[in-house]
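Enquirer:
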Amino acid sequence: MGKYWLEPERNIEIFDECDILVVGGGSAGHSAAIAAARAGAKNIILLERYGYMGGDVTGGYVIMVPSLSYKDKSFVRGIQEEWFTRMANIPGAVLGPEGKEVGSEKPEDIYKWAPIFDAVSSCPDSPKRVVRSVYFEPNQLKIEMDKMLFEERDRIRVYCHTWATRPIMEGDLIKGVVFESKEGRKAILAKVVIDATGDGDIFSQAGAAYEEIMDKNTRCANTALVWRAGGCDFEKFFRSSMQNPESMMKVFKGLGETFGHRCIPLPTPRNDIVWFNNWIGPMLCTDIKDLTATEMDSRDKIRGVMDFLRENVAGFENAFLYDIAPQTGNRCSRRLKGEYYLTPFDFAFHNEFDDVIAWHSTVCKINDSAPIEIPYRTILPVGVENLLAPGRHLSADNVAIDWVSLIPQCIGTGQAAGIAAAVALEDGSTVHTVNIKKVQDILVAQDVPLPRRKDVDPELTEVCEANNWGLYTEMAKKAAADPEEFKKYRQW
Ligand SMILES: Cc1cc2nc3c(=O)[nH]c(=O)nc-3n(C[C@H](O)[C@H](O)[C@H](O)COP(=O)(O)OP(=O)(O)OC[C@H]3O[C@@H](n4cnc5c(N)ncnc54)[C@H](O)[C@@H]3O)c2cc1C
Numbered sequence: 006m007g008k009y010w011l012e013p014e015r016n017i018e019i020f021d022e023c024d025i026l027v028v029g030g031g032s033a034g035h036s037a038a039i040a041a042a043r044a045g046a047k048n049i050i051l052l053e054r055y056g057y058m059g060g061d062v063t064g065g066y067v068i069m070v071p072s073l074s075y076k077d078k079s080f081v082r083g084i085q086e087e088w089f090t091r092m093a094n095i096p097g098a099v100l101g102p103e104g105k106e107v108g109s110e111k112p113e114d115i116y117k118w119a120p121i122f123d124a125v126s127s128c129p130d131s132p133k134r135v136v137r138s139v140y141f142e143p144n145q146l147k148i149e150m151d152k153m154l155f156e157e158r159d160r161i162r163v164y165c166h167t168w169a170t171r172p173i174m175e176g177d178l179i180k181g182v183v184f185e186s187k188e189g190r191k192a193i194l195a196k197v198v199i200d201a202t203g204d205g206d207i208f209s210q211a212g213a214a215y216e217e218i219m220d221k222n223t224r225c226a227n228t229a230l231v232w233r234a235g236g237c238d239f240e241k242f243f244r245s246s247m248q249n250p251e252s253m254m255k256v257f258k259g260l261g262e263t264f265g266h267r268c269i270p271l272p273t274p275r276n277d278i279v280w281f282n283n284w285i286g287p288m289l290c291t292d293i294k295d296l297t298a299t300e301m302d303s304r305d306k307i308r309g310v311m312d313f314l315r316e317n318v319a320g321f322e323n324a325f326l327y328d329i330a331p332q333t334g335n336r337c338s339r340r341l342k343g344e345y346y347l348t349p350f351d352f353a354f355h356n357e358f359d360d361v362i363a364w365h366s367t368v369c370k371i372n373d374s375a376p377i378e379i380p381y382r383t384i385l386p387v388g389v390e391n392l393l394a395p396g397r398h399l400s401a402d403n404v405a406i407d408w409v410s411l412i413p414q415c416i417g418t419g420q421a422a423g424i425a426a427a428v429a430l431e432d433g434s435t436v437h438t439v440n441i442k443k444v445q446d447i448l449v450a451q452d453v454p455l456p457r458r459k460d461v462d463p464e465l466t467e468v469c470e471a472n473n474w475g476l477y478t479e480m481a482k483k484a485a486a487d488p489e490e491f492k493k494y495r496q497w
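Taking this note's numbering, the leading residue of the sequence shown gets 6, the next gets one more, and so forth.
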């Protein structure tokens with residue numbers, strides 16, 4: 006038994022009231038607030054515990070958005086593509102294949118994009134092709150995400166340095182949240198709450214069904230502390246590694262041994278700056294001791310890794326530590342067990358959903374990254390009303406979460422959550438009874454392609470049908486032949 010201190014009862018000041026309260030300004034929460042404003046909601050609050058938007062993508066230096074296309078078609082658009090079009094003319098802000106290059110199988114295009122990890126497909130069951138995967142500069146994105154909020158300043162009030170600590174409930178209805186700040190403990194009341202904390206901080210206390218990471222062998226069971234090196238020549242590193250794959254394996258082994266965990270150099274929009282992604286685990290990003298160890302033990306190893314690179318690796322002879330991400334890389338922890346639960350079967354079969362809110366090509370190899378449908382019910386809690394949960398804690402099992410907790414799906418489900426909240430309020434419905442057709446209409450109007458619609462480019466469906474929804478892979482065939490055996494499938 007632990008020791009306890011009984012907290013005395015006290016009145017908490019109502020700091021503000023709104024229609025839609027978004028908790029967490031990461032890719033999901035930021036998109037939710039922006040989409041709600043654009044859908045007509047006028048009284049929105051965005052709470053964020055840090056001083057900037059983006060969460061993992063800006064503070065965690067997760068600077069790569071993969072698999073936006075299938076064959077030669079871009080499926081993931083909406084706010085996700087808006088990030089890149091807005092930053093397209095800023096020097097050094099964005100790098101990735103676009104236009105006619107996307108889907109190309111020409112050797113010269115494959116050669117050009119090969120160094121840019123995930124910009125060339127790697128499914129063994131189909132020819133290599135160029136994929137729209139985009140790298141960006143996180144500080145430029147921080148600035149751009151602020152700009153998007155400034156444009157909606159009449160509709161969205163942003164409160165940074167506010168840490169939401171618990172929901173305010175009336176039975177199974179959420180009415181707002183309590184938060185901690187330098188001003189002390191206060192409350193915000195709201196008609197709809199969007200939990201976009203990534204770790205289910207709100208839904209886990211509101212009575213919604215949820216689960217924790219159960220399989221320690223998944224990608225999501227790893228934390229990270231990402232850093233960047235300057236003075237590099239990434240193209241030289243990549244091309245020399247390709248000429249000598251054995252030496253590349255030695256480099257990866259040496260890096261892993263020096264860092265203590267899997268750690269790999271990845272490109273950025275600039276050839277002279279390299280991003281070090283890593284997988285520290287199993288670690289839980291809701292555990293204080295795991296978070297502390299991730300930060301301090303990683304920093305302790307970075308100088309050693311840089312020495313190893315300078316001494317042993319072509320392209321890193323003059324490399325230096327450029328910067329360290331300001332926050333821990335949080336992949337996953339608590340996840341909603343929502344009205345629908347995504348599993349690998351949703352990738353191995355062509356499943357259609359009437360409440361589809363995102364039709365996304367993903368990193369999953371089972372269907373060679375062909376688009377799958379993500380239903381609204383994956384962000385809809387069981388047991389709580391007027392609460393939505395988009396982002397990396399959406400409802401998916403231990404395997405599927407590795408494919409749907411990436412940036413595009415966090416933005417896509419966030420965009421849909423904001424619109425659903427706006428529609429529910431305008432129509433006087435709840436988030437469970439919201440007119441989903443209206444939500445889908447607004448999503449399409451906000452440049453999100455959805456399947457089975459006359460107002461969406463028919464070539465998107467045609468490319469899927471012509472390629473059997475990507476289900477030509479050996480893995481998909483095995484799943485169709487023996488679904489029971491397929492249940493044991495693990496990617497990581
Ligand atoms: C190291 C690493 C590498 C990755 N690699 C890739 C990749 O290459 N490509 C890709 O697409 N995806 C990648 N991912 C996954 C992807 O980055 C995340 O899943 C996604 O960015 C999560 O977005 P989110 O908005 O759901 O959550 P987060 O980005 O975690 O945002 C949550 C926000 O809520 C705030 N918050 C949290 N709790 C509270 C609270 N109680 N009160 C107030 N505010 C709160 C946080 O500060 C944060 O701003 C990676 C993740 C990591 C960690």
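For each residue, glycine too, the CB sits at the ideal point set by N, CA and C.
#1: Looking at I307: is its Cβ nearer than 7 Å to the Cβ of W364?
#2: Please report how far the alpha carbon of A46 lies from the alpha carbon of I84, in whole angstroms.
#3: So P250 is in the beta strand (DSSP E); what residue range does that whole segment cover?
#4: Is DSSP giving C415 helix, strand or coil here?
#5: Note down, one range per segment and in chain order, each alpha helix (DSSP H) of at least 4 residues found wholly within the segment 42-129.
#6: Could you please give the first and the last residue of the uninterrupted alpha helix (DSSP H) stretch that includes V136?
#7: Can you give me the C-alpha to C-alpha distance between E489 and L289, rounded to a whole angstrom?
#8: Short check: CB of V361 to CB of L455, under 7 Å?
#9: Could you give the uninterrupted runs of the beta strand (DSSP E) lying entirely in the segment 315-343, keeping only those of 3 residues or more?
#10: Return the CA-CA distance between L296 and H398, expressed in angstroms with no decimal places.
#11: Based on DSSP bridge pairs, tell me the residues matched to E390.
#12: Spatial neighbours of G30 within its chain, please: CB distance less than 6 Å, with the 5 preceding and 5 following residues excluded, ordered by chain position.
#13: By how many angstroms is the C-alpha of V139 removed from the C-alpha of G101?
#14: Which of helix, strand or coil does DSSP assign to I307?
#15: Could you pull the start and end residues of the beta strand (DSSP E) that W10 belongs to?
#16: Assuming I412 contacts V70 (C-beta within less than 8 Å), just tell me the rounded distance between them.
#17: Using only alpha-carbon positions, find the residue among L314, E87, S366 that is nearest to G235.
#18: Verify whether the separation of the beta carbon atoms of I424 and I447 is less than 7 Å.
#19: By Cβ distance, which residues of its chain are closer than 7 Å to F20, with the 5 residues on each side in sequence left out?
#20: Which same chain residues end up closer than 6 Å to Q445 when comparing Cβ atoms and leaving out the 5 residues on each side of it in sequence?
#21: What's the gap between the Cα of E378 and the Cα of F350?
#22: Heavy atom of ligand 1 less than 6 Å from the Cβ of E53, yes or no?
Expert: On the basis of the supplied data:
#1: no
#2: 17 Å
#3: Taken as a continuous stretch (DSSP letters only), P250 belongs to no beta strand (DSSP E), being part of the alpha helix (DSSP H) at 250-264.
#4: helix
#5: 83-92, 112-118
#6: Premise fails: V136 is in no alpha helix (DSSP H) and is neither H nor E.
#7: 30 Å
#8: yes
#9: 325-329
#10: 18 Å
#11: L178
#12: L51, E53, M58
#13: 4 Å
#14: helix
#15: Unbroken run through W10: none, as it is neither H nor E.
#16: 5 Å
#17: L314
#18: yes
#19: K191, A192, I193
#20: L455
#21: 12 Å
#22: yes
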